[in-house]
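Written out below as structure tokens is the structure these notes cover.
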Amino acid sequence: MRDAYQLREGSAGADFNVRDIDVDCKWSRNFGGWQIPPEAVGQICLLVHGDDVTGEMAVGLLRIRDEILVGGNRDLKRTIQRPGGIGEVRWLVEPRTPLPENFLMSLRKEDRDAILAPSGGDARAFELFKRCEGLIIQRHVIESVGQQVDEARRFRGETRERLLEEGFEVLNGHWKVSRARAWELGRVKLTDNREWVCLRSDGSSPARREALEPLRKEESLAYRKEFSKQITDERRAKKRAQRAAKAAALAAAEAAQDFTELIAPDNDAEDAKQAVAQAERMATDHGH
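Quick note on this note's numbering: the sequence shown kicks off at 107 and runs consecutively.
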């Protein structure tokens, strides 16, 4: 975000400097789950939310106040009160705004695995375009998969030549001739230089894409459901472990208290307190 909006880093650990005002960025996959540290009180936070499973996103600004924070964890981080605190957010992107599709999550598993298997960016770019013929691919997808900011470099020289040798043409919306060629070969409408498409020179991509689409969508939906279930299971397991650790710490502290009451003389209360505190720390660390 600093690069995209040409922002400087803020002072004292803040993520951004916006017109000499420190702004911290907080992300949460769960809407409303932003973790706010004590040092953010009084500061402006950019709250960002996005969920690939539900396909929703939101972005808002909020000046943090103690009065709108609730809860607290071991790091003293708190969440924003509902509905009061959430009601104070100035939304730049309204809650439940459709999130642009996660391209890799929309692919068949065998294609996604094949794209991500190579370690080199050129090999990944080759697999990406070959396996996604007929699909418009955004620039940020190529940059992420190829692990390089200048995505066009992936299609100069050897990579592009390999695709041409196998009968594929890689086209970009920046050029008028490429836009016309994309429409001619695949009825694909490219609009700007952020959009790329790979099509077979023999014009067979539309028929091939039509045959693959039902399976792609079916596998994509199944993957999203599996992904969502995995996250839910992990969250529940984490909560169970936290409850068990808390119970173990409490039991150990109670046992230590009983023990010190038996062995400590009445005039040695301070030593007993220290023994209890040490037992609680040991039990908590062990449970954690």
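The beta-carbon is built from N, C-alpha and C at its ideal position, and this holds for glycine as well.
The structure displayed is predicted, hence computed values, not measured ones.
query, result
"Can you name the start and end residues of the beta strand (DSSP E) that E275 belongs to?", "274–278"
"Check whether the Cβ atoms of F235 and F209 lie closer than 8 Å to each other.", "no"
"Closest by CA to G240, which one among A347, C304, E290?", "C304"
"Do you know offhand how far T265's Cα is from I127's?", "45 Å"
"Identify every run of the alpha helix (DSSP H) within the segment 229–255, keeping only runs that are complete inside it and at least 4 residues long; order them along the chain.", "245–252"
"So K215 is in the alpha helix (DSSP H); what residue range does that whole segment cover?", "215–222"
"Would you call the CB atoms of A146 and I174 closer than 8 Å?", "no"
"Starting from the N-terminal side, write out each stretch of the alpha helix (DSSP H) that is 4 residues or longer and does not extend beyond the segment 267–325.", "282–292"
"Name, in chain order, the residues that DSSP records as bridge partners for K132.", "L153"
"For the alpha helix (DSSP H) containing A110, name the first residue and the last one.", "108–111"
"Pick helix, strand or coil for P204, following the three-state DSSP scheme.", "strand"
"Based on Cα-Cα distance, which residue from E233, Q112, P144, T185 lies nearest to D219?", "E233"
"Under 7 Å Cβ to Cβ from R285, same chain only, skipping five residues before and after it: list those, please.", "G279, L296"
"Pull up the CB-CB distance for L167 and L152, whole angstroms please, since I reckon it's below 8 Å.", "6 Å"
"Can you tell me which residues form a DSSP beta bridge with F122?", "V129"
"Rank K335, G292, D121 by C-alpha distance to the C-alpha of E316 and give the top, closest one.", "G292"
"Bridge partners for E194 per DSSP, in chain order?", "Note: E194 sits in no beta bridge, so no partner."
"At the level of alpha carbons, what is the spacing between N123 and S117?", "8 Å"
"Among A231, A343, P143, whose alpha-carbon lies nearest the alpha-carbon of R268?", "A231"
"Roughly how many whole angstroms lie between the Cα atoms of E216 and Q112?", "38 Å"
"Buried or exposed: which applies to L321, given that a residue is buried once 16 or more other Cβ atoms fall within 10 Å of its Cβ?", "exposed"
"At what residues does the beta strand (DSSP E) containing G166 begin and finish?", "162–169"
"Where F137 and D130 are concerned, what is the direct C-alpha to C-alpha distance, given to the nearest angstrom?", "17 Å"
"Excluding the 5 residues flanking S212 on each side, which residues of the same chain have their C-beta closer than 6 Å to its C-beta?", "S326"
"Is it right to say K132 is buried, meaning 16 or more other beta carbons lie within 10 angstroms of its own, or is it exposed?", "buried"
"List the DSSP bridge partners of I142.", "R184"
"Which residues share a DSSP beta bridge with V199?", "V165"
"Would you decide whether E200 is buried or exposed? Buried here means 16 or more other CB atoms lie within 10 Å of its CB.", "exposed"
"Name the one or two DSSP bridge partners that R114 has.", "N123"
"If you draw a straight line from the C-alpha of N179 to the C-alpha of W302, how long is it?", "45 Å"
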